[in-house]
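What follows is a set of notes on a single structure, which appears directly below.
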Amino acid sequence: MPQFRYRAVSPRGRVREGVEEAPTRERALQALRARGLVPLKLEPARDAGGVRAAGLHTAVRRGGRRRFDATARALLIRELAALVAAGMPLADALAALERSGGGAPAVAMMAGRLLKAVREGRALSQAMAEAGDEAFPPFVRGLVRAGEASGKLSRALARIADALEAQLALTREIRSALTYPALVVIVAAAAVAILLFAVVPEFAGLFADRTAALPASARLIFWLSATLRSHGLEIAIATLGGFLALVLWWRDPRRRASRDGWLLRLPRIGSLIRLHAGARFLQTLGELLAGGVALVPAFELAQQAIGNRALEDQLHGVLPHLRQGRSLAESLKETSFLDPLTREMLAAGEQAGALAEMALHAAQLAQDHVRRQVRALIALLVPAVTLLLGVIVAGIVGSMLSAILASYDVAF
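In terms of my numbering, the numbers along the sequence shown are unbroken and rise by one, the last being 402.
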C-alpha cells in the first residue's frame, strides 16, 4: 500500500511527523483528520528509507541556525498560513510554532516574539513591523495588513509564502549555477599557488648563478615567487585589509545608489540584475494586488522589494502619475525599468481588469528569462575562466622550460 509522509499539528498544538499508509492521498488526509490532526504537509514517501525531499524545512533546520533569514521567513509564513487555514486561532498557531518551530530555532524564536505582541493586543502586521524590515519586508506587512482588513489572513499568508518561495528558488538556482565556476577558480588558484610557492623555488635554486642569462619571463616568475615567499605575510595582511575595506564600502548605505548603478553598467551582469529586479517587482506587485491592496500602495511596496537603489530611483517619478489616475502601463512608459513587451502585457491586464494575474504571469516569464540568462552566462564564463587560468599556468610552466633551455644554450 502507498505510504505518505506527513507533518501535522495535534489537538494540543504540537507538530508531529510520521508516515501514513493509505490507497490515495485523499484517504491519508481523511485518516489524519479523523485522529484530530491538522495536516501541514503530505507527500508520497520516497523508497530509499523514506528520505524526505529537501525543502524549506530542511534548509532552515540544517545546522540549527538561529539567524532569521529569508528561508526561515518563508518557512514560518508557510506553516502559519497552513495552521490558520485549518481553523486554528492566530495565537494558538504562533504558540504551536514557538513550541516546535519544526526543529528550526530561528522560526521558533520569531514565532515566540510575534506571539508575545499578539497576546498584548497588537495585530500580526504590527508585530511584524516591530520585528523590523530585515525580518519582515514592507510588502509582507502590507499584504498581511490587507488580509487582516478583509478577514482573509490565511489566504494573504499563503500568497506571501508563494512569493517568498519563488524568489528563494530563483536565488538558489543562480547561486547553484555559480558554484562550478567558483570551484574552477579556487582549484586553479591553488594550483598556481603550489607552483609559485613549491615548484618555482626549486628551479630558482638551480639557476641562482645564471639569472642574468635567463629570459625575462623566467626572471619575472622567479622574482614573483621570491617576493611572495619573503613578504607573504605582509601581502596577506594588505589583501585582507583591502577586502575588508571593500566589504565596508559595499555595505555602506550611503554608497548603495552608486554601487547599484555601477553594477547595472557591467556587461551582461547588469542586464541580469535588471531582469531579476523586474521579476521581484512584478511578483510582489501581483501578489499585493491579488491580496486586495490598492494600486498606489501596492506599487510603493513593490518598489521597495526591488533590491537595487538605482532601479528604485527610476520609479520615483511613476508614483505622481499613478496618484493622478493614470494607468500603470502609461506611467511606466517614461522609465526603462521594464521592457516594452512587459508594459504591453500590463496594459492588456489593466484593460481586462486582470492586472494582478497579468503581473504574476509577467513575473513568471521574467523568472524564466533570468534562468536562461544565467545558463547562457555560465556557458560563457566557465570556458573563459578555464582558458584564462590555463594560460596563467602554461605561462609559469613555459617560463620554467625557457629557463632550462637557456641554461643549455649557456652550457654549450
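Where a beta carbon is used, it is the ideal one built from N, C-alpha and C, also for glycine. Model, not experiment: these values are computed from the prediction.
- Going by beta carbons, Pro205 and Ala384 fall outside the 9 Å limit.
- Here Leu105 is near Ala85, since their CB atoms are less than 9 Å apart.
- Going by DSSP, Ala(-2) is part of the beta strand (DSSP E) stretching over Gln(-7) to Val(-1).
- Assignment of Arg249 by DSSP, reduced to helix, strand and coil, places it in the helix class.
- Three or more pairs of CB atoms, one per stretch, sit closer than 8 Å, so the region 347 to 363 contacts the region 147 to 161.
- Looking at the backbone, the Cα of Glu163 and that of Arg17 are separated by about 35 Å.
- Secondary structure note for Leu154: its alpha helix (DSSP H) is the uninterrupted segment Leu143 to Ile184.
- In its chain, beyond the 5 residues on either side, Ala292 and Ile296 have a beta carbon closer than 6 Å to the beta carbon of Phe271.
- If the five residues before and after Ala366 are omitted, its C-beta is found closer than 6 Å to no C-beta atom of its own chain.
- Around the beta carbon of Leu210, fewer than 16 other beta carbons lie within 10 angstroms, which makes this residue exposed.
- Where Val283 is concerned, there is no enclosing alpha helix (DSSP H), because DSSP gives it neither an H nor an E.
- Per the coordinates, the alpha-carbon of Leu328 lies some 8 Å from the alpha-carbon of Leu322.
- Nearest to His359 by C-alpha distance, out of Leu331, Pro243 and Gly380, is Leu331.
- In the DSSP annotation of this structure, the continuous segment of the alpha helix (DSSP H) that includes Leu84 starts and ends at Leu80 to Arg89.
- Scanning its chain for C-beta atoms nearer than 6 Å, with the 5 sequence neighbours on each side dropped, one finds around Leu371 the residues Pro171, in chain order.
- In the DSSP assignment, Lys31 falls outside any alpha helix (DSSP H) and lies within the beta strand (DSSP E) extending over Val28 to Pro34.
- By the neighbour-count criterion, in which 16 or more other beta carbons inside 10 Å mark a residue as buried, Gln341 falls on the exposed side.
- Contact between Leu278 and Phe187 is ruled out by a C-beta separation of about 56 Å, above the 8 Å threshold.
- Taking the Cα positions, Leu147 is about 30 Å away from Glu11.
- Contact check for Val364 against Leu133 fails: the beta carbons are separated by 9 Å or more.
- Gly222 carries a helical assignment under DSSP once its states are collapsed to helix, strand and coil.
- By the beta-carbon neighbour count (other beta carbons within 10 angstroms, threshold 16), Val308 is buried.
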